[in-house]
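Per my numbering, the very first residue in the sequence shown carries number 3; after that it's consecutive.
The C-beta atom is built at its ideal place from N, Cα and C for all residues, glycine as well.
Computed from a prediction, not measured in an experiment: that's the story for all the values here.
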Amino acid sequence: MKAIVYEKYGPPEVLRLKEVAKPVPRDNEILIKTHATTVTTGDWRARSLIMPAGFRLFSRLFFGVTKPRQPILGTELAGEIEAVGKAVSKFKVGDEVFAYPGAAMGGYAEYKCMPEDGAIALKPPNLTFEEAAALSFGGTTALDFFRRGKLQKGEKVLINGASGGVGTAAVQLARHFGAEVTGVCSAANVALVRSLGAAHVVDYTTEDFTQNGETYDVIVDTVGTAPYSRCRRSLAKHGRLLVVLGGLRDLLLAPFVSLTSGNKVIAGPASERPEDLRYLAKLAEEGRFKPVLDRRYLLAQIVEAHQYVDTGRKRGNVVVEV
Ligand SMILES: NC(=O)c1ccc[n+]([C@@H]2O[C@H](COP(=O)([O-])OP(=O)(O)OC[C@H]3O[C@@H](n4cnc5c(N)ncnc54)[C@H](OP(=O)(O)O)[C@@H]3O)[C@@H](O)[C@H]2O)c1
3 MKAIVYEKYG
13 PPEVLRLKEV
23 AKPVPRDNEI
33 LIKTHATTVT
43 TGDWRARSLI
53 MPAGFRLFSR
63 LFFGVTKPRQ
73 PILGTELAGE
83 IEAVGKAVSK
93 FKVGDEVFAY
103 PGAAMGGYAE
113 YKCMPEDGAI
123 ALKPPNLTFE
133 EAAALSFGGT
143 TALDFFRRGK
153 LQKGEKVLIN
163 GASGGVGTAA
173 VQLARHFGAE
183 VTGVCSAANV
193 ALVRSLGAAH
203 VVDYTTEDFT
213 QNGETYDVIV
223 DTVGTAPYSR
233 CRRSLAKHGR
243 LLVVLGGLRD
253 LLLAPFVSLT
263 SGNKVIAGPA
273 SERPEDLRYL
283 AKLAEEGRFK
293 PVLDRRYLLA
303 QIVEAHQYVD
313 TGRKRGNVVV
323 EV
């Protein structure tokens, strides 16, 4: 089968189209014929090893010390089940599914095996394979942080980086949970962020949300420009800062903030749960959640797709047709 592989860390050009062995499902696994995958910031980080401050050493331990342990990137995908192992009972051949291998990767290939208990769900029938492929990364991250941050109906939420992959999902989900959403983005993305459900938008190029006197019950930082030291005055009493992107220092300081103030800082990796995929699929089917698609590429154009994501300016999700 065709796959995109990388054998060393580096710029987008380390990615190459290659013929590799087609996987065979084990007894408890399904074999998915991939129709679409995405280029997420997770793929960008695993390829380049550009990491938040303090995480570089850990990242080599995680992804492979001298070279990538998993040569096929791709955190999320959508496709059709081509074969199932003999112990599989939850899925059948022909099911259209989307899946989130997450940190295990492997989406940049014509076929992917996953255990049936893994992060897999039936594709909402009203979504294309491209849309379904983009459901998981931003959606599960936002869901997990809102769960840990105990977001309540009627609360005021600010989302820094509202036009990115995580941000566009977070705006929609916060709105769905009944929060009053403020999105922070640049002027070019104001209309998009409003259309997703933000009641207020702050253009970070002309206004600093930490200086405008407003306070929020929950602040979500997906950009890394709103550490606790900068935005603590913008948190309401019992406010929570959800650090989707932050350095090791933010992670280590989090318990001290909770001990020494009425606020909470919640950081660390988001979990990858099958039930979250099923929940996102249900919302998508009901028309309450839709992944924002930016540019589309073919698998053979993966270098261009990564070059675009490397700019840090994508709007929502970049999808790749396999
Ligand atoms: N903790 C976890 O488990 C977890 C999970 C997923 C992702 N992450 C991390 O979260 C980060 C965000 O991921 P993502 O996929 O959402 O990124 P992304 O899609 O690449 O974000 C791009 C967006 O960020 C906006 N942006 C850039 N600078 C900004 C600024 N100063 N203020 C506000 N918006 C700004 C850009 O809009 P403009 O062009 O308008 O500036 C663009 O739309 C990544 O670093 C990723 O590693 C962490």
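Between the Cα of residue i and those of the options, spot the shortest distance and give me the residue it belongs to.
{"i": "Q213", "options": "D219, A228, V222, P73", "result": "A228"}
{"i": "V248", "options": "T77, Y230, L79", "result": "Per the sequence presented here, residue 248 reads as Gly, with Val not at that position. Nearest of T77, Y230, L79 to G248, Cα basis: Y230."}
{"i": "I161", "options": "K155, Q154, A171", "result": "A171"}
{"i": "V267", "options": "T142, E277, D252", "result": "D252"}
{"i": "T12", "options": "E274, W46, S61", "result": "Inspection of the sequence shows that residue 12 is occupied by Gly rather than by Thr. Nearest of E274, W46, S61 to G12, Cα basis: W46."}
{"i": "F57", "options": "L175, L250, P25", "result": "L250"}
{"i": "L300", "options": "V192, V321, G314, V311", "result": "V321"}
{"i": "A269", "options": "L19, T224, Q303, T313", "result": "T224"}
{"i": "G241", "options": "R150, D210, L63", "result": "R150"}
{"i": "A144", "options": "P271, P103, N191, P27", "result": "P271"}
{"i": "V16", "options": "T39, R49, V26", "result": "R49"}
{"i": "E112", "options": "E21, Q303, D278", "result": "E21"}
{"i": "E157", "options": "D146, A176, T40", "result": "A176"}
{"i": "V26", "options": "S273, M3, E274, V7", "result": "M3"}
{"i": "R234", "options": "A136, P257, S263", "result": "S263"}
{"i": "N191", "options": "G180, Q174, G163", "result": "G163"}
{"i": "T68", "options": "L255, L137, Y8", "result": "Y8"}
Quick one: what does DSSP say residue i is sitting in, helix, strand or coil?
{"i": "K152", "result": "coil"}
{"i": "A164", "result": "coil"}
{"i": "I83", "result": "strand"}
{"i": "R235", "result": "helix"}
{"i": "G94", "result": "The question names Gly, but residue 94 in the sequence shown is Lys. Three-state DSSP puts K94 in coil, outside helix and strand."}
{"i": "E323", "result": "strand"}
{"i": "Y299", "result": "strand"}
{"i": "R280", "result": "helix"}
{"i": "A272", "result": "coil"}
{"i": "P70", "result": "coil"}
{"i": "T170", "result": "helix"}
{"i": "F291", "result": "coil"}
Mind checking who residue i pairs with in its DSSP beta bridge?
{"i": "E31", "result": "P117"}
{"i": "T142", "result": "DSSP, once it has assigned bridges, lists no residue as partnering T142."}
{"i": "R58", "result": "Answer is none; R58 lacks a bridge partner."}
{"i": "N191", "result": "N191 pairs with nothing; no bridge assigned."}
{"i": "D210", "result": "Per DSSP, none; premise fails for D210."}
{"i": "R242", "result": "V220, K266"}
{"i": "T36", "result": "G81"}
{"i": "G185", "result": "I161, V203"}
{"i": "R18", "result": "V7"}
{"i": "A123", "result": "F100"}
{"i": "V41", "result": "V320"}
{"i": "A111", "result": "A5"}
Suppose you measure from the CA of residue i to the CA of residue j; what does that come to, to the nearest Å?
{"i": "A307", "j": "I74", "result": "15 Å"}
{"i": "K94", "j": "A85", "result": "8 Å"}
{"i": "R280", "j": "A123", "result": "6 Å"}
{"i": "S165", "j": "L261", "result": "33 Å"}
{"i": "V168", "j": "A23", "result": "33 Å"}
{"i": "A286", "j": "K239", "result": "34 Å"}
{"i": "N319", "j": "L295", "result": "5 Å"}
{"i": "A394", "j": "N265", "result": "Any question about residue 394 goes unanswered here, given that the chain covers just 3 to 324."}
{"i": "V246", "j": "A106", "result": "19 Å"}
{"i": "L237", "j": "I52", "result": "30 Å"}
Using beta-carbon positions only, say whether residue i and residue j come within less than 7 Å of one another.
{"i": "N30", "j": "G66", "result": "no"}
{"i": "I32", "j": "K114", "result": "no"}
{"i": "V305", "j": "P14", "result": "yes"}
{"i": "H202", "j": "R290", "result": "no"}
{"i": "E98", "j": "E118", "result": "no"}
{"i": "T217", "j": "S188", "result": "no"}
{"i": "L129", "j": "A101", "result": "no"}
{"i": "T36", "j": "V311", "result": "no"}
{"i": "I326", "j": "L243", "result": "This structure leaves residue 326 out entirely; the chain is present only between 3 and 324."}
{"i": "F211", "j": "V186", "result": "yes"}
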